[in-house]
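Here the sequence shown stands for residues 1 to 243, numbered as in UniProt numbering.
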Amino acid sequence: MARQKKMGQSVLQAVFFLVLGLLGHSHGGFPNTISIGGLFMRNTVQEHSAFRFAVQLYNTNQNTTEKPFHLNYHVDHLDSSNSFSVTNAFCSQFSRGVYAIFGFYDQMSMNTLTSFCGALHTSFVTPSFPTDADVQFVIQMRPALKGAILSLLGHYKWEKFVYLYDTERGFSILQAIMEAAVQNNWQVTARSVGNIKDVQEFRRIIEEMDRRQEKRYLIDCEVERINTILEQWLQEKKENLSC
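This is the structure we're talking about:
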């Protein structure tokens, strides 16, 4: 519950400041009730709950200074692997005349959603991992990772490590890492795991890295894939200990 409240407050702040920005740039009258949208993938149950909690928290605020208008929200769920589902969900939001959309994207739905936002001039607020490109009308709640990753590698003096990645964003970060590796004489082993379907393949990668005595891993993947990799790593370690 505490995590949901914290997430809800972050969502509330992002949506609230966005709407205030729209209010500040509006030259005409602003309605007492405005509509915002929510786009959620089917596995983002906690995030959807946090969004509802944030809107409810805002709407029940009795301070009119902090709540100059009432929020109505419309939520659509999408299947990111189905381009028709993504398109239909966004068009459903746009047809309702929402001022902004709060939602999530992954590797499969990112290009479609960001393209629609740019073409239809609809603001999209997202806590998903940021894209490298500065996409108009997309407001990222998370900072870009490239600079932070390079700073951490330098701070902890990692000179030999494995970098596992699964997205185009990961590839661009890899380019930055390899540039830094040349400058700092790092030994970097990079593996793209985005197309791996068989979970045993992750284990084979880990076993290969163990044989090469690799001890440090930088994993830049979607959450589900990270969990799969860690599960395989733990299983492999348990079997080694039992031998």
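Even glycine gets a Cβ: it sits at the ideal position worked out from N, Cα and C.
Note that the coordinates shown come from a computational prediction; the quantities given were computed from them, not determined experimentally.
Taking C-beta separations shorter than 7 angstroms and ignoring five residues to either side along the sequence, the partners of Leu174 in its chain run Tyr163, Tyr165, Ala190, following chain order. Here the alpha carbon of Phe161 sits roughly 43 angstroms from the alpha carbon of Asn88. The alpha-carbon separation between Ile196 and Ser83 amounts to approximately 21 angstroms. Within the region 114-177, the alpha helix (DSSP H) runs of at least 4 residues that lie entirely inside it are, in chain order, 146-155. In the structure shown, Ser83 adopts helical secondary structure according to DSSP, grouped into three states. Judged by their CB atoms, Gln232 and Thr167 are not nearer to each other than the 8 angstroms cut-off.
A straight line joining the alpha-carbon of Val188 with that of Ala148 spans about 18 angstroms. By the criterion of a C-beta distance shorter than 8 angstroms, Ile205 is surrounded in its chain by Leu164, Arg191, Val193, once the five residues flanking it on both sides are discounted. Arg42 carries a coil assignment under DSSP once its states are collapsed to helix, strand and coil.
The beta carbons of Thr114 and Val138 sit about 6 angstroms from each other, so the pair counts as a contact at 8 angstroms. Counted as a single uninterrupted DSSP element, the alpha helix (DSSP H) harbouring Asp210 occupies residues 199-211.
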